[in-house]
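In the working numbering, the protein residues as written are 13 to 186. Cβ atoms here follow ideal geometry from the backbone N, Cα and C, with glycine treated the same way. What follows is a set of notes on a single structure, which appears directly below.
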C-alpha cells in the first residue's frame, strides 16, 4: 500500500532532453561566390567532356545543324543537360550534408534557417534552385529575379532571395 506522502506527491515524467540547436557562423559572401564558381567549373568541365564524347560519337552532325538553324534552341538543350547533371553530381551530397562540391571544398553548407539542420533535398531542388532556374527561361522576368536574388545577399543576414524562399542559410561548418 502507498503511504500518504506518495499519494500527494506530484507525478514524475520522464522527458527527453531537448535537442541542442547548433549555432553556426554565417558563410561570407566571398566563400559563397567562390563555391558557386567552383560548382559551375566542375559541372561545366564534366558537361564539356560529356558533350565532346556525344558530339564525336553520336550527335556531331545533328547538333551542328541545330546550332546553325536555331542557336537559342541549342543553348536550351545545353542548359537542360546542365541542370540534371548538376544534381547527378551534387545530389547525394546535398541530401546528406547540404553541400555541393564547391561548398564542401570551402567548408560551407546549406541549413534550415530556423533549426540549423540539413533540409530535405527536394526542398533544396525545388525552392533554392528550381524556381530561379525556371524563371531564368522567361525573358526579363528571369533577369529581374536573378538580379534581386543576388542583391539580397548584401543584407545583414547574408541571404540571397533563394535562401529566403527556401527558408535556408549558408553557414561555415569548418
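Inset, instruction - Could you name the residues of the same chain whose beta carbon sits closer than 6 Å to that of residue 102, not counting the 5 residues immediately before and after it, in chain order? - result: As a position in the chain shown, residue 102 is number 90, starting the count at 1. 112, listed in sequence order.
Legend entry - Rounded separation between residue 44 and residue 172 - CA only: Taking the first residue of the chain shown as 1, we reach residue 44 at position 32. Taking the first residue of the chain shown as 1, we reach residue 172 at position 160. Straight-line Cα distance between these residues: approximately 10 Å.
Legend entry - Host beta strand (DSSP E) of residue 3 (start-end): Here the chain comprises residues numbered 13 to 186, so residue 3 is not present and cannot be evaluated.
Inset, instruction - Going by CA-CA distance only, name the one from 98, 65, 137, 116 that's closest to residue 180. - result: Here residue 180 corresponds to residue number 168 of the chain shown, with the count starting at 1. Cα-wise, what sits closest to residue 180 is 137.
Inset, instruction - Could you spell out the range, first to last residue, of the alpha helix (DSSP H) harbouring residue 93? - result: Locating residue 93 in the chain shown gives position 81, where the first residue counts as 1. Run containing residue 93: 83 to 109, per the alpha helix (DSSP H) assignment.
Inset, instruction - Run the CB neighbour count on residue 161, radius 10 Å, all protein chains shown included, and call it buried at 16 or more, exposed below. - result: As a first step, residue 161 is located in the chain shown; it is residue number 149 there, counting from the start. The residue in question, residue 161, is buried, as its Cβ has 16 or more Cβ neighbours within 10 Å.
Legend entry - the region 41 to 61 in contact with the region 125 to 140 per 3-pair CB rule at 8 Å: no
Inset, instruction - Check each candidate in 128, 52, 114, 123 and name the one with the smallest Cα separation from residue 140. - result: If you number the chain shown from 1, residue 140 lands on position 128. If we check each option's Cα against that of residue 140, 123 comes out closest.
Inset, instruction - Counting only the same chain and skipping the five closest in sequence on each side, list residues whose C-beta sits under 8 Å from that of residue 85. - result: Taking the chain shown and counting its residues from 1, the one referred to as residue 85 is at position 73. Excluding positions up to five away in sequence, the list reads 78.
Legend entry - For residue 65 and residue 89, the rounded distance between their alpha carbons: The sequence position of residue 89 within the chain shown is 77, counting from 1. The sequence position of residue 65 within the chain shown is 53, counting from 1. Rounded to the nearest angstrom, the two C-alpha atoms are 16 Å apart.
Legend entry - Rounded straight-line distance, which links the Cα of residue 114 to that of residue 74: Within the chain shown, numbered from 1, the residue matching residue 74 stands at position 62. Within the chain shown, numbered from 1, the residue matching residue 114 stands at position 102. The straight-line gap from Cα to Cα measures roughly 34 Å.
Inset, instruction - Please list, in chain order, all residues of the same chain as residue 34 whose beta carbon is under 6 Å from its beta carbon, the five residues on each side excluded. - result: By 1-based counting over the chain shown, the position of residue 34 is 22. Same-chain partners within the cutoff: 128.
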